[in-house]
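Asks:
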Amino acid sequence: MAEVVFDEVTKVYADGTKAVDSLALDVSDGEFMVLVGPSGCGKTTALRMVAGLEEISAGVVRIGDRVVNYVPSRDRDIAMVFQSYALYPHLSVYENIAVGLKVKKMPKAEIDRRVRNAAQGLGLEPFLKRKPRALSGGQRQRVAMGRAIVREPAAFLMDEPLSNLDAKLRVQMRAEVSRLQRDLGTTTIYVTHDQIEAMTMGDRVAVMRRGELEQVADPQTLYDRPVNLFVGGFIGSPAMNMLEATVARANGSLALDVGQQRLGLDEATLASHPALRSYEGRTVILGIRPEDLEDATLEPDTPADRRLHGVVELREALGSELVVHFTVEGTQLALTEDVKELAR
40 MAEVVFDEVT
50 KVYADGTKAV
60 DSLALDVSDG
70 EFMVLVGPSG
80 CGKTTALRMV
90 AGLEEISAGV
100 VRIGDRVVNY
110 VPSRDRDIAM
120 VFQSYALYPH
130 LSVYENIAVG
140 LKVKKMPKAE
150 IDRRVRNAAQ
160 GLGLEPFLKR
170 KPRALSGGQR
180 QRVAMGRAIV
190 REPAAFLMDE
200 PLSNLDAKLR
210 VQMRAEVSRL
220 QRDLGTTTIY
230 VTHDQIEAMT
240 MGDRVAVMRR
250 GELEQVADPQ
260 TLYDRPVNLF
270 VGGFIGSPAM
280 NMLEATVARA
290 NGSLALDVGQ
300 QRLGLDEATL
310 ASHPALRSYE
320 GRTVILGIRP
330 EDLEDATLEP
340 DTPADRRLHG
350 VVELREALGS
360 ELVVHFTVEG
370 TQLALTEDVK
380 ELAR
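This is the structure:
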């Protein structure tokens, strides 16, 4: 196991495209770090620089106590799991898992021990003699995981390994990957564009956009205290509601004017957002998570200055949850309600 450090790492391609811009990120020994962001944000490029598959334009990458900028990929003591599985179709499951160990000329007994231990942990024991074509997508991904595990590397690098799976299998496999990483305790950098994957799997999550690191924190901190509008809007499903408002003074306190409507701010809100007092008369963005909004018809005692009037456009029933889409002052918003709570 080892710490992985990006020290002001930059990647610029020959055409001048800056894919990664001064990335500074420390991945602790044994940590599960997720890099998340939209397509083209630089997350896969960052991973490939650690793997030695992309040259580093500036900055330093360290794995453990070694600077690896010019160390060949095969000598970096890492194992990579790809989106495409990258299995050899003519080899059995056993042979696919063992292939890297055979290249290293490891003793047969040690190869067998490692392969069978990995197969047991991944539920692949009944399939060791099968070829990849006889496996499901989830089983193939387990084989790819097994091939990485038996190498016992200092770090795992995973590039969108679940994106080719169907939705149900993806949920199952992300739990399996998380369990394996926890059991092995191996430093892992995991790349995904799926913020739900990021939130459910990572010890910490690094949000990237346009080659830059926007915020890195544990999942709950990202959700509760995003540092900017991009992180607030990217993390969470349905996305955070955002309303343009003006900070105004009303009845000796502060309020928010949303179009023609006024929303009062209680003392608890002002205490948790003290900077609002310096924004009087200025425009701000009000961010509200869908679960923090309620249908006022179900809460008749709510004060008038704590209500916003809107027009409901769509209701989506998702079994345990109801998502209500509506507009307030021309802005589309959403709220979520627990179906069981509504039935009480």
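Count along the sequence shown from 1, add 39, and you get the number used in our numbering.
Don't be surprised by glycine CBs; every beta carbon is placed ideally from N, CA and C.
Can you tell me whether GLN178 is buried or exposed, with buried defined as 16 or more other CB within 10 angstroms of its CB?
Replies: Buried, since its Cβ has 16 or more Cβ neighbours within 10 Å.
Asks: For ILE235, which option in LEU223, THR226, LEU261 and ARG221 has the closest C-alpha, if you only look at C-alpha atoms?
Replies: With distances taken between Cα atoms, ILE235 lies closest to LEU261.
Asks: According to DSSP, ALA284 sits in a beta bridge with which residue or residues?
Replies: According to DSSP, which records beta bridges pairwise, ALA284 is partnered with VAL323.
Asks: Applying the 10 Å Cβ sphere with the 16-neighbour rule, what's the burial state of GLY250?
Replies: Buried.
Asks: Just to confirm the assignment: which complete alpha helix (DSSP H) runs, minimum length 4, are found wholly within the stretch 217-265?
Replies: Within the stretch 217-265, the complete alpha helix (DSSP H) runs of at least 4 residues are 234-240 and 258-263.
Asks: Could you say which of GLN180, LYS143 and VAL142 lies nearest to ALA158 if we only look at CA atoms?
Replies: Answer by Cα proximity: GLN180.
Asks: Looking only at DSSP bridge pairs, what is SER161 linked to?
Replies: At residue 161 the sequence reads Leu, which differs from the Ser that was named. LEU161 is not bridged to any residue.
Asks: Against chain B, does ASP233 count as a neighbour if the rule is that its beta carbon must be under 9 Å from one of theirs?
Replies: Absent from the structure: chain B. Only one protein chain is present.
Asks: Helix, strand or coil for ALA53, going by three-state DSSP, please let me know.
Replies: Coil at ALA53, not helix or strand.
Asks: I'd like the list of long-range same chain contacts for ALA284, defined as Cβ closer than 8 Å, with 5 residues on each side in sequence excluded.
Replies: If we look at ALA284 and ignore the five residues flanking it on each side, its Cβ neighbours are LEU295, ASP296, VAL297, LEU302, THR322, VAL323, ILE324 and LEU325.
Asks: Alpha carbon to alpha carbon, how far is LEU74 from PRO313? Give it in angstroms, no decimals.
Replies: So the alpha carbons of these two residues sit roughly 32 Å apart.
Asks: On the DSSP bridge assignment, give the partners of HIS364 in chain order.
Replies: HIS364 is bridged to LEU353 and ALA373.
Asks: Compare the C-alpha of PRO329 against each of GLN254, THR226, PRO277 and ALA173 and name the closest.
Replies: Per the Cα distances, PRO277.
Asks: Where TYR229 and THR56 are concerned, what is the direct C-alpha to C-alpha distance, given to the nearest angstrom?
Replies: Cα to Cα, TYR229 sits roughly 24 Å from THR56.
Asks: With DSSP run on the structure shown, which of helix, strand or coil describes LEU295?
Replies: Three-state DSSP puts LEU295 in a strand.
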